[in-house]
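Using the working numbering, you'd call the opening residue of the sequence shown number 72 and step up by one each time.
Below you'll find the structure, written out as structure tokens, and then a few comments.
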Amino acid sequence: MNSSFFYIAKVTDNKDKENLNRVKITVPLAEESVSYWLPYLSAAAGNGIGFSSLPDIDDQVLVLAMGKSRDRQIVLGSFWNTNSTPPETGENTDADLNGDGNNSLTFFKSKSGNMIILDDTEDKEKIQIIASGSKTRFEIDNENELVNMETDKDIGFSAKGAITIQAEEEITLTAKKGFSIESEDFAVKASKEINIEASKDMTLKGSGIALN
């Protein structure tokens, strides 16, 4: 009966020519040995579906060997060490690296700095999606009961159907420069007053203008 055992290895390649999400590993204490490809355990793996996140070259990984045959070995995951340290969000410094001891942050950070953050800090819960450089972000803020979207450049909305914006209270649209609306038909309706004011000229132009 073959016994199972674990060992620590180093990733030397992660570009699997057979596209099976395998990694090539070598044992650091036996650099002269031949490296070989092993499957990498995923949180979800099905036919054409699942979660994909491979370790980088030189990352340390833990391998489970169910006997001596390489066909019965699998990479269980990678881990941090003094040369490869855990990431920080930079968004909640008290909770980063569990500095406050509450273990309130769950997040994914890619090598370029893209982040998905689930912040469970008591009374300050939020969900954040932040692009590399932190110049573009989307946040669901439970503390302030708001949804926030920010970017240093443009935000675009596009739909083949209708786009509906509805609020129980006010909707405010503000632009420091121009503001334009273009459509085939345009209607404005108010159950009470409509106020139109300009600090300079106002122009109304049409083939016919009816004021009732």
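Quick reminder that beta carbons are idealized off the backbone N, C-alpha and C, glycines included.
For residue i versus residue j, is the C-beta spacing smaller than 8 Å?
i	j	result
Phe228	Met220	no
Asn85	Leu133	no
Glu159	Asp167	yes
Glu214	Glu196	yes
Asp194	Lys206	no
Ser75	Ala116	no
Asp171	Ser155	no
Return the chain-ordered list of same chain residues with a C-beta closer than 7 Å to the C-beta of residue i, the five sequence neighbours on each side being excluded.
i	result
Ser183	Ser203
Phe178	Thr160, Met186, Ile187, Ile188 and Leu189
Pro157	Trp151 and Leu168
Leu112	Ile145, Val146, Leu147 and Gly148
Thr83	Lys95, Ile96, Thr97, Ser106 and Ile128
Ser181	none
Tyr78	Val98, Val134 and Ala136
Report the option in the options whose CA atom is closest to the CA atom of residue i.
i	options	result
Gln144	Pro110, Gly170, Asp127 and Glu162	Pro110
Leu147	Lys81, Glu268, Glu214 and Ala230	Lys81
Leu217	Ile267, Gly232, Ile234 and Ala238	Ala238
Asp284	Asp191, Thr83 and Lys231	With the chain represented from 72 up to 283, any question about residue 284 goes unanswered, as that position is not in the structure.
Ser140	Tyr107, Ile120, Asn118 and Gly170	Tyr107
Asp225	Lys231, Lys88, Ala246 and Gly232	Ala246
Ile198	Ile236, Glu162 and Asn173	Glu162
Asn118	Leu100, Leu91 and Ser175	Leu91
Phe257	Leu176, Lys248, Gly277 and Ile120	Gly277
How would you write the range of the beta strand (DSSP E) that residue i sits in, first residue to last?
i	result
Arg208	Thr207 to Asp212
Val132	Gln131 to Met137
Asp190	Met186 to Asp190
Tyr78	Ser75 to Asp84
Ile145	Gln144 to Phe150
Arg93	Arg93 to Thr97
Val218	Leu217 to Thr222
Thr177	Leu176 to Lys180
Lys276	Element bounds for Lys276: n/a, residue is neither H nor E.
Ile201	Lys197 to Ile201
Pro110	Tyr107 to Pro110
So, for residue i: in the same chain, excluding its five sequence neighbours on each side, which residues have a beta-carbon less than 6 Å away from its beta-carbon?
i	result
Ala114	Phe122
Asp272	none
Val98	Ala80
Ile200	Ile187 and Phe209
For residue i, which residues of its own chain have a beta-carbon under 8 Å away from its beta-carbon, when the five flanking residues on both sides are left out?
i	result
Glu268	none
Ile234	Phe228
Lys263	none
Taking 7 Å as the cut-off, does the CB of residue i come closer than this to any heavy atom belonging to the ligand GTP?
i	result
Ala261	Of ligands this structure carries none, so the ligand GTP is not represented either.
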